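Take the sequence shown: its letters are residues 165 to 456, numbered as in my numbering. Glycine residues also receive a C-beta, built at the ideal position from the N, C-alpha and C atoms. The structure displayed is predicted, hence computed values, not measured ones.
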Amino acid sequence: MKKTMVAIVGLLSLALTTQAQKKSGAIQFVSSTDPVAVAAANGFQMNDEMKARMPKSVKTNFELLYNATNASYMPVEDTEDSNGGGGGGMGRMMMRFGGAGGAREYYYTFADQKLVEVFDVSDTTYAMPSKLTVANPPSLAMNRPQNQNAPQNNSAVQFLPGPPTLEVVKTDETKKILDFNCKKVIVKSIRKAKVLGEDKDVTDETALWYTTDLGFNFSPDPNLWTEGVVLAIENKGKATTATSIEYRNVSAKDVTAPKKALPITQDEYKAKMEAMMKRFSGGGQPRSIRIN
165 MKKTMVAIVG LLSLALTTQA QKKSGAIQFV SSTDPVAVAA ANGFQMNDEM KARMPKSVKT
225 NFELLYNATN ASYMPVEDTE DSNGGGGGGM GRMMMRFGGA GGAREYYYTF ADQKLVEVFD
285 VSDTTYAMPS KLTVANPPSL AMNRPQNQNA PQNNSAVQFL PGPPTLEVVK TDETKKILDF
345 NCKKVIVKSI RKAKVLGEDK DVTDETALWY TTDLGFNFSP DPNLWTEGVV LAIENKGKAT
405 TATSIEYRNV SAKDVTAPKK ALPITQDEYK AKMEAMMKRF SGGGQPRSIR IN
């Protein structure tokens with residue numbers, strides 16, 4: 165009887181230790197983008213010569229580190245494309261830039277659900293408060309009137325000014341990712357457009373696969389989150405998927421935003437980027453810059 169009790173206590177201790185270990189670890193993600201497909205989905209038409217110059221896919225590796233209280237998410241090596249470009253970095257190589265499409269570091273605090281984006285602009289590192297939600301990523305030129313003298317886009321689909329309308333659709337679909345039970349949510353982005361001269365609604369769908377098994381909230385894209393930890397995002401021409409997980413100790417330093425980062429608000433960042441655009445364009449029509 166005594167041996168049986170010792171064995172039971174040993175098994176319980178092992179189970180508790182294993183459970184504690186799962187509160188800390190690293191999840192690897194791969195983001196794959198087809199530039200031609202993304203351009204087509206946004207109404208930009210490319211000729212055959214332009215398409216031939218574009219890579220079929222561009223892949224970037226990311227790492228999510230988490231412990232019991234915090235998490236961080238950032239690129240871990242240089243971007244690689246299907247044309248053989250790019251190269252492998254060592255460690256958590258930073259690829260931060262404050263402009264269009266720039267990769268950022270994200271830092272999450274579980275207790276107060278705070279999210280901070282860290283990025284570089286003109287050799288200065290900034291920290292900007294953000295949040296997990298379903299929202300349109302702010303665009304500096306989203307509501308600007310079109311320049312009548314600019315070259316015309318000959319695509320059959322001409323998107324009208326203004327942000328898309330977003331709709332969240334829950335589904336009954338489930339699947340396993342990294343042995344976690346995941347549920348599927350669809351985020352519909354509905355934009356007004358002229359299709360062959362007729363007014364129509366153009367709907368783009370993004371699938372989110374999330375799990376509540378990890379016990380905290382996270383998404384590779386802060387503007388695409390409903391609940392739990394998003395382990396996969398699937399869209400036309402772009403996908404981000406969790407590929408592996410390793411349970412291990414993660415230090416507080418690795419999941420805490422750098423102290424050297426200067427605080428900046430969303431409005432201050434937008435004003436700074438608009439000023440930079442005007443300088444780069446010589447006062448002409450600003451280029452569109454998407455804030456990730």
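Straight through space, the alpha carbons of Ala-291 and Phe-283 are spaced by roughly 7 Å. Thr-273 is not a Cβ neighbour of Lys-424, given a cutoff of 8 Å. Between Lys-348 and Val-194, the alpha-carbon positions lie close to 19 Å from each other. The stretch 340 to 347 and the stretch 373 to 382 touch, with no fewer than 3 CB-CB distances between them shorter than 8 Å. Taking the Cα positions, Gly-379 is about 44 Å away from Met-210. According to DSSP, Lys-417 shares a beta bridge with no other residue. Between the alpha carbons of Val-366 and Leu-324 lies a distance of about 11 Å. Check the Cα spacing between Asn-300 and each of Leu-229, Glu-331 and Leu-279: the tightest is with Glu-331. In its chain, beyond the 5 residues on either side, Val-333, Glu-369 and Ala-371 have a beta carbon closer than 6 Å to the beta carbon of Ile-350. Selection Ala-435, Ile-397 and Asn-413 evaluated against Ser-196 yields Ile-397 as nearest (Cα-Cα). Beta-bridge partners assigned by DSSP to Glu-398: Ala-371 and Ala-403.
Under the three-state reduction of DSSP output, Arg-355 falls in the strand class.
Distances from the alpha-carbon of Asn-231 to those of Lys-187, Pro-239, Thr-329 and Met-238 put Lys-187 closest.
Contact between Leu-388 and Ala-406 fails: their C-beta atoms lie close to 14 Å from each other, not under 8 Å.
The shortest C-alpha to C-alpha distance from Lys-278 to any of Ser-236, Val-285, Ser-286 and Ile-354 is the one to Ser-236.
Bounds of the beta strand (DSSP E) holding Met-292 are 288 to 294.
The three-state secondary structure of Pro-328, taken from DSSP, is coil. With respect to the C-alpha of Thr-335, the residue from Thr-390, Thr-297 and Arg-355 having the closest C-alpha is Thr-390. Within its own chain, the residues whose Cβ lies closer than 6 Å to the Cβ of Thr-329, once the five positions on either side in sequence are excluded, are Ile-354, listed in chain order. In the displayed model, Phe-382 falls within a strand according to three-state DSSP. Of the residues assessed, Met-437 falls on the buried side of the cut-off, its CB having 16 or more other CB atoms within 10 angstroms. Between the C-alpha atoms of Lys-364 and Ile-409 there is a straight-line separation of about 43 Å. Closest in alpha carbon position to Lys-417, among Thr-233, Ile-191 and Val-222, is Thr-233. When DSSP states are grouped into helix, strand and coil, Glu-337 belongs to the strand group. Comparing alpha-carbon positions, the option among Met-218, Ser-415, Met-440 and Lys-434 lying closest to Leu-229 turns out to be Ser-415. Its chain contains Ser-188, Gly-189 and Ala-190 as the residues whose beta carbon lies nearer than 7 Å to that of Arg-412, once the 5 sequence neighbours on both sides are disregarded; these appear in chain order.
Burial check for Lys-402: the Cβ neighbour count within 10 Å reaches 16 or more, so the residue is buried.
With a beta-carbon spacing of about 6 Å, Ser-383 and Leu-296 fall inside the 8 Å limit used to define contacts. Residues Val-200 of the same chain have their beta carbon placed closer than 7 Å to that of Lys-215, with the five preceding and five following residues left out of the count.
In its chain, beyond the 5 residues on either side, Pro-199 and Val-200 have a beta carbon closer than 7 Å to the beta carbon of Met-218. For Asp-212, no beta strand (DSSP E) segment is defined; the enclosing uninterrupted segment is the alpha helix (DSSP H) at 212 to 217.
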